[in-house]
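Down below is the structure, laid out as structure tokens.
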Ligand code: URA
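Residue numbers (our numbering): 6 to 441.
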């Protein structure tokens, strides 16, 4: 069985070279074993020599270049299988019910969403370097999107010296060359990031490896937020933070505290500005949130946005999160239907909610629906009885219970729906007054 060892998690060139040789030599997908080497590559793979070329649809190449950046150990084999099948004459891209194609689309979509998310969420710290400014940012990407994003930012802002540090590695641009080096797990705050930078940066240039191999995919043509401007959108808190208490592998993106990570696309963490005084807590990400990687962006999120706007709350000023950070669902045909999380899942994820609460220290917690209320108050809550009446919790924080916006989506009768919506907006108006 040929073993192909790639030079890194995003070794597009290596994967493509091996794939070409293997397909031309008619090595079937089930005979190939793919691996990733973490240390320096000394030799090459023993690749069979094949004759002539073959054609792979351009769209498949584009999707493959994205999916290759997914944090999924099976992706190399999946992509090879698809290329193999295309070369065998199958019109793989036109199939409507194909597990491989479905997986390819999901991975490509998730990578694309994460690349975008990283660019909008990255905050940079201005550190001095030989009387120049260098902008250093830390982020824990759900997928291997560091290299492609660093290339993109370097192209767009060639004069800006920047470093992006992630748990997978760091990318450093010096105005002429992009280099990749070691990463870091997390920083408690900006001062810790600055200290890390001071301690490492001399070594970084010695040890960094040059170059990057991710091709330009169509999805990467969106303009990143220039690092030297203030954040336009929400800002991610440095949540995977306390190295004293958290294991490296326990960052939210890699959380294995309950089984929901097995089926969800990614962890969906809360988001909002660092100084937010109010934290809105929902239940768990839905289908769209799971793919995009941000809370409350689907239908319930749109309902929440609309009600907030009517109540005079600017969503960009509050922190929005969920009691559970992974999407729980059951398959009905091709559809993923929401399933409510159960007590052990809520309990397991309470850890992350507590991390968010400790780091943000909001004055007010808005608990939307039974799951959020139960997660925070640690007791069953009857929403109808407790909604709209703010109260202090044991730690002095103010809590406010209201309905979950997706409850409004489910009310079948239009008049009742309108009444419930008005009641929700009234609750949010109270929240706005409590925020003042
Ligand atoms: N429902 C939630 O509780 N949270 C989301 O993020 C989306 C839908």
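The beta-carbon is built from N, C-alpha and C at its ideal position, and this holds for glycine as well. All of these numbers come straight from a predicted model, not from anything done at the bench.
Is the closest heavy atom of the ligand URA to the C-beta of residue 133 under 6 Å?
no
Give every residue whose Cβ lies closer than 5 Å to any heavy atom of the ligand URA, listed in chain order.
287, 288, 290, 291, 294, 300, 301, 305, 327
Short Cβ contact (7 Å threshold) for residue 341 with residue 310
no
Identity of the residue in 303, 165, 270, 354 nearest residue 263 by Cα
354
Around the Cβ of residue 313, are there at least 16 other Cβ atoms within 10 angstroms (buried) or fewer (exposed)?
buried
Give me the DSSP bridge partner(s) of residue 168.
141, 177
Can you tell me whether DSSP reads residue 21 as helix, strand or coil?
helix
From the DSSP secondary-structure annotation, give me the bridge partner or partners of residue 407.
373
Take residue 286 as the anchor and find which of 306, 297, 267, 174 has the nearest alpha-carbon.
306
I'd like to confirm the pairing. Which residues does DSSP put opposite residue 397 in its beta bridges?
403
I believe residue 3 touches residue 42 by the beta-carbon criterion, under 8 Å. Please report the beta-carbon distance rounded to the nearest angstrom.
Not covered by the structure: residue 3. The range shown for the chain is 6 to 441.
Which of helix, strand or coil DSSP assigns to residue 310
helix
In or out: residue 126 buried (at least 16 other Cβ within 10 Å) or exposed?
buried
Assigned exposure category for residue 328 - 16 Cβ within 10 Å defines buried
buried
List in chain order: all unbroken alpha helix (DSSP H) runs of 4+ residues lying wholly within the stretch 43–127.
63–72, 80–92, 104–126
Sufficient close CB pairs (3 or more, under 8 Å) joining the stretch 193–206 to the stretch 134–151:
yes
Quick one: is residue 387 buried, meaning 16 or more other Cβ sit within 10 Å of its Cβ, or exposed?
exposed
Mapping DSSP to helix, strand and coil, what is residue 3?
This structure does not reach residue 3, given that the chain is present from 6 up to 441, and the question cannot be answered.
Between the Cα of residue 183 and the Cα atoms of 437, 168, 266, which residue gives the shortest distance?
168
Tell me the rounded alpha-carbon separation between residue 152 and residue 399.
46 Å
Hey, residue 290 and residue 332 are a contact pair by Cβ (cut 8 Å); roughly how many whole angstroms apart?
5 Å
If residue 204 and residue 172 are in contact, beta carbons under 8 Å, what's the gap, nearest whole angstrom?
Contact doesn't hold; Cβ gap of about 17 Å is too wide.
For residue 1, name the three-state secondary structure that DSSP assigns.
The structure shown has nothing for residue 1, since the chain only spans 6 to 441.
Euclidean distance between Cα positions of residue 422 and residue 414:
8 Å
Measuring only the C-alpha atoms, how far is residue 76 from residue 194?
26 Å
If you measure between the beta carbons of residue 120 and residue 150, is that distance less than 7 Å?
yes
Using a threshold of 7 Å, state whether the C-beta atoms of residue 92 and residue 28 are closer than that.
yes
With a threshold of 6 Å on Cβ separation, who are the neighbours of residue 283 within its own chain once the five nearest residues in sequence on each side are excluded?
323, 367, 369, 440
What does the alpha-carbon distance come out to for the pair residue 321 and residue 278?
7 Å
DSSP puts residue 4 in a beta bridge; with which residues?
The structure shown does not extend to residue 4, since the chain is modelled only from 6 to 441, so the question has no answer here.
Just grab the DSSP bridge partners of residue 38 for me.
8
First and last residue of the uninterrupted beta strand (DSSP E) at residue 183:
183–186
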